[in-house]
Structures are given as structure tokens and as C-alpha cells.
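Below is one structure, written out as C-alpha cells; comments come after it.
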Amino acid sequence: MASPKTELDYRVTDDVGYGLGNETAAAFRLNGIFHFWKEHLGFNIHPTIRESLQTPNPRIADVATGTAIWLIDLAKELPDATLDGFDLTLDMAPPVEWLPPNITLRQWNIFEDLPEELVGQFDLVHLRLLLPVIQNGDPSSIIHKITRMLKPGGWIQWDDLNIQEAKIFKARPELKVEALGYLSRFWNTGERQEWIGRLPQSFDQEGLKRTSIDRYENLKQYLKADCEGYIVTCEETARTLARKGKVDEAKEFAQIVHQASLEAAAGAAVVATRVVCIGQKPVEP
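For the sequence shown, full-length UniProt numbering assigns the number 1 to the initial residue and increments by one for each residue that follows.
Listed below in C-alpha cells is the structure:
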């Protein structure tokens, strides 16, 4: 693979808004990725939180819900719970007529003010894969809003990828991984991604208690599928760049992504570590 003159990284999307897609392919990707997350974690709700829920009919929010797949699966476990999904757009979610009756979806941009009617309403607020939207490396404003959504004793569960712990795997030593290495570096923009490993400290600063972060190592049988999800995500980014007028960058990045797909097909993979961070709002202020 011919090396580009200047290596791109995810900051190339900073002035184009959300760097991924919200079309059919993006929805399909998110639904597929959900199942890989559940295979690795073994749960939707972290066991510590599940054990502490004091009511059989909790109110649970999923912020940046996307396709609402997490809520749809959770509805099978907690049919008596009240489940609310929030996102900037609901284009990727099923129509309301197809949702389980205990799920309600609503448009809300997490970077805008929290509506007053959502303050102090939830036993659990769940977030997943906000890595692409935290552009300044500081999630504190989001954590503050989510904490305000909680009832006293309520929980935050934040699931994300620690890109700084991304690894390259090869089924055979002789395989080439130059393009896959490039994709790993593309997402790992140094200080900008350090916030993920510091989530417990950020939770502490917001006054949350019982904070912890768990890491989930990649399962060998899913390395190829995980890497394919990673590559499809990068393909979305290339299309977004082109759509927003960054044609040269899009073309260059698409070529690298294509080469990475060939390396993956030959038996190599790049994957990041999944992490789950939890914290509880104190019962007493």
C-alpha cells in the first residue's frame, strides 16, 4: 500500500458534524454490532446495577439510542419496565407501531439543554458508543446532564470502545497489516480519546458513587466479524466526507479502507477493547 503524504485521522471529520451515517447500511451495522457487544459482555444491564434495582418496573433511558436495538432486546428481559430512547434523529429506529408497548422514543440532541421534564426521572441511563461524537475529549457536560436525569440512587452505564487499547491480530505471521494499522491510528487521536479510560474519574467528579470500569477482551471467534464492523464504520466515514465536500480526503481514505478489507479477508483483524463504566447517584445529596 502506498503511504499517503499526510496520514489522516478522525479529526478530519470535525467540521462536517457527525462523521458516520444514518442510512440503511448504518442501521444494519448498529444492529449487528449490538449482538457482538452482548456476546462479549453477556448482559444488557451490568450485574451490579441489575442487582441494585429496587423496583420490578424501573424507568430506563437509552441516550443516543440509534436503532433502539438495546431497548428492544431489554424489553424482553423487563416487560414491566418503562423504556425511553433518545437521539438527535429517529430515522434508524423502527416505526412506533412496531415497537414493544413499553418503549417510547423521543428526539433529543445530547449537546442541547436537558428538558426539565426529564430531570430526576430514571433508575438507569444507558449510553453506548459515543466515541465518534466527543470531539473535544471532554465528556463532562454529557455526564452532568445524564446525572441530572437520574433519580436518587439511579445509575449510569456507559459502554464504549477504548481505541487506545486497539490490537492487531493475525491468523498467520506472514500476513500484511499495513492498512489495518492505519485504521487503528485513524481513530486513536491521542489525547482526544483518553477520556474513555478516565470515565471513572469523570463520574467521581460529578459526585457519582460506586464507580467502576470493566474491560472485556476480544473473543477470537468474533475477531473477523468485529473487524468487519470496524471497516464498515470507516466506509461510512469516507462516504460522509465525500457528501460534505471533502472529496480528496474521502477518496484517499476509501482506498485505505479497501486495502484494509483485503487484509482482513486474508485473516488479519484490528479490534478495540470494550469497556463498561458504571456509577450511582447518591441517595442523599
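A virtual CB, placed ideally from N, CA and C, is assigned to each residue, including glycine.
- Message: Taking 8 Å as the limit between beta carbons, can you name the residues of its chain near Arg-210, skipping five residues before and five after?
- Response: Here the question's residue 210 lines up with position 210 in the sequence shown. These residues qualify, in order along the chain: Thr-48, Ile-278, Gly-279, Gln-280.
- Query: Can you tell me the Cα-Cα spacing of Thr-240 and Ala-250, whole angstroms?
  - Reply: On the sequence shown, residue 240 is found 240 positions in, with the first residue counted as 1. On the sequence shown, residue 250 is found 250 positions in, with the first residue counted as 1. Near 8 Å, if we compare the C-alpha coordinates of Ala-250 and Thr-240.
- DSSP three-state call for Arg-172: helix, strand or coil? What you label residue 172 is simply residue 172 of the sequence shown in a count that begins at 1. The answer is coil: DSSP assigns Arg-172 none of H, G, I, E or B.
- Message: Pop quiz: Val-247 and Asn-162 are said to be a contact at Cβ under 8 Å. What is the actual Cβ separation, rounded to whole angstroms?
- Response: Against the sequence shown, residue 247 aligns to sequence position 247. Against the sequence shown, residue 162 aligns to sequence position 162. At roughly 32 Å, the Cβ-Cβ gap does not stay under 8 Å, so Val-247 and Asn-162 are not in contact.
- Query: From the DSSP output, which residues share a beta bridge with Tyr-216?
  - Reply: Stepping through the sequence shown from its first residue, residue 216 is reached at position 216. Answer by DSSP bridge pairing, in chain order: Arg-274.
- Task: Could you tell me the distance, in whole angstroms, from the CA atom of Arg-106 to the CA atom of Pro-58?
- Result: Walking along the sequence shown from the start, residue 106 turns up at place 106. Walking along the sequence shown from the start, residue 58 turns up at place 58. Looking at the two C-alpha atoms, the distance is approximately 18 Å.
- Message: Nearest by alpha-carbon distance to Phe-169: which of Gln-221, Val-119, Glu-235 is it?
- Response: The residue given as residue 169 occupies position 169 in the sequence shown. Taking only the C-alpha atoms, the option nearest Phe-169 is Gln-221.
- Message: Distance check for Arg-185 and Pro-4, CA to CA, integer angstroms please.
- Response: Locating residue 4 in the sequence shown gives position 4, where the first residue counts as 1. Locating residue 185 in the sequence shown gives position 185, where the first residue counts as 1. At Pro-4 the pLDDT is 48, less than 50, meaning the model places this residue with poor confidence and gives no usable figure here.
- Message: Check for me: the alpha helix (DSSP H) holding Phe-86 runs from which residue to which?
- Response: Counting from 1 along the sequence shown, the entry for residue 86 is found at position 86. First-last for Phe-86: 82–87, but that is the beta strand (DSSP E), not the alpha helix (DSSP H).
- Any idea what DSSP makes of Ile-134, helix, strand or coil? For the purposes of this step, residue 134 is identified with residue 134 of the sequence shown, where counting begins at 1. Secondary structure of Ile-134 (DSSP, three-state): coil.
- Item | Where Ala-64 falls: helix, strand or coil (DSSP) | Residue numbering aside, residue 64 sits at position 64 when the sequence shown is read from its first letter. Ala-64 carries a coil assignment under DSSP once its states are collapsed to helix, strand and coil.
- Task: Measure the Cβ-Cβ separation of Gln-157 and Leu-124 and say whether it is below 8 Å.
- Result: Residue numbering aside, residue 157 sits at position 157 when the sequence shown is read from its first letter. Residue numbering aside, residue 124 sits at position 124 when the sequence shown is read from its first letter. With respect to Leu-124, Gln-157 sits close: the two C-beta atoms are nearer than 8 Å.
- Message: Strictly by DSSP, which residues pair up with Asn-162?
- Response: If you number the sequence shown from 1, residue 162 lands on position 162. Thr-273, per the DSSP bridge assignment.
- What three-state label does DSSP hand Leu-118 in the structure shown? In the sequence shown, residue 118 corresponds to position 118, counting from 1. The three-state reading of DSSP puts Leu-118 in helix, counting H, G and I together.
- Take the Cβ of Arg-11 as the centre, count every other Cβ of all protein chains shown within 10 Å, and call the residue buried at 16 or more, exposed below. If you number the sequence shown from 1, residue 11 lands on position 11. Arg-11 should be labelled exposed.
- Message: Tell me which residues share the same chain as Glu-165 and place their Cβ nearer than 7 Å to its Cβ, disregarding the 5 neighbours each side in the sequence.
- Response: Position 165 of the sequence shown, counting from 1, holds the residue named residue 165. Listed in chain order, the non-local C-beta contacts of Glu-165 below 7 Å within the same chain comprise Ala-272, Thr-273, local neighbours out to five positions each way being set aside.
- Beta-carbon contacts of Asp-159 that lie in its chain and below 6 Å, excluding the five residues immediately before and after: Along the sequence shown, one-based indexing puts residue 159 at 159. Arg-128, Val-276, listed in sequence order.
- Message: Using a 10 Å radius around the Cβ and a threshold of 16 neighbouring Cβ atoms, would you call Lys-76 buried or exposed?
- Response: Indexing the sequence shown from 1 puts residue 76 at position 76. Around the CB of Lys-76, fewer than 16 other CB atoms lie within 10 Å, so the residue is classed as exposed.
- Task: From the DSSP output, in three-state form, read off Asp-91 for me.
- Result: What you label residue 91 is simply residue 91 of the sequence shown in a count that begins at 1. Of the three classes helix, strand and coil, the one that applies to Asp-91 here is coil, per DSSP.
- Beta-carbon proximity check, Phe-72 vs Ile-103, cutoff 8 Å: As a working note, residue 72 is residue 72 in the sequence shown. As a working note, residue 103 is residue 103 in the sequence shown. The amino acid at residue 72 is misidentified as Phe; the sequence shows Ile. Ile-72 is a Cβ neighbour of Ile-103, given a cutoff of 8 Å.
- Query: To the nearest angstrom, how far is it from the Cα of Ile-134 to the Cα of Lys-145?
  - Reply: Here residue 134 refers to the residue found at position 134 of the sequence shown. Here residue 145 refers to the residue found at position 145 of the sequence shown. In this structure, the alpha-carbon of Ile-134 lies about 14 Å from that of Lys-145.
- Item | Spatially closest choice to Ala-25 from Gln-255, Ala-242, Cys-234, by CA coordinates | Working through the sequence shown from its first residue, we reach residue 25 at position 25. The candidate whose alpha carbon is nearest that of Ala-25 is Cys-234.
- Message: Do Lys-38 and Asn-44 have their beta-carbon atoms positioned less than 8 Å apart in this structure?
- Response: Counted from its first residue, the sequence shown places residue 44 at position 44. Counted from its first residue, the sequence shown places residue 38 at position 38. Yes, Cβ-Cβ distance for Asn-44 and Lys-38 is below 8 Å.
- Task: Assign Leu-150 to one of three DSSP states: helix, strand, or coil.
- Result: For the purposes of this step, residue 150 is taken as residue 150 along the sequence shown, with counting starting at 1. The DSSP-derived three-state label of Leu-150 is strand.
- Message: Could you tell me the alpha carbon to alpha carbon distance between Gly-245 and Ala-238, rounded to whole angstroms?
- Response: Counting from one through the sequence shown, the residue named residue 245 turns up at place 245. Counting from one through the sequence shown, the residue named residue 238 turns up at place 238. Gly-245 and Ala-238: Cα-Cα distance of roughly 11 Å.
- Item | Beta-carbon separation (whole angstroms), Asp-80 vs Pro-95, contact threshold 8 Å | Within the sequence shown, the letter at position 80 stands for residue 80. Within the sequence shown, the letter at position 95 stands for residue 95. About 23 Å separates the two Cβ atoms, so there is no contact after all.
- Message: Taking its Cβ as the centre, do 16 or more other Cβ atoms sit within 10 Å of Thr-13, making it buried, or is it exposed?
- Response: Taking the sequence shown and counting its residues from 1, the one referred to as residue 13 is at position 13. So Thr-13 ends up on the buried side.
- Item | Lys-281 in three-state terms, based on DSSP | Taking the first residue of the sequence shown as 1, we reach residue 281 at position 281. Lys-281 falls in the coil class under three-state DSSP.
- Cβ pair Ala-171, Gln-259 closer than 8 Å: What you label residue 171 is simply residue 171 of the sequence shown in a count that begins at 1. What you label residue 259 is simply residue 259 of the sequence shown in a count that begins at 1. Between Ala-171 and Gln-259, the C-beta spacing is not below 8 Å.
- Tell me the DSSP bridge mates of Ile-156? As a position in the sequence shown, residue 156 is number 156, starting the count at 1. Val-125, Gly-279.
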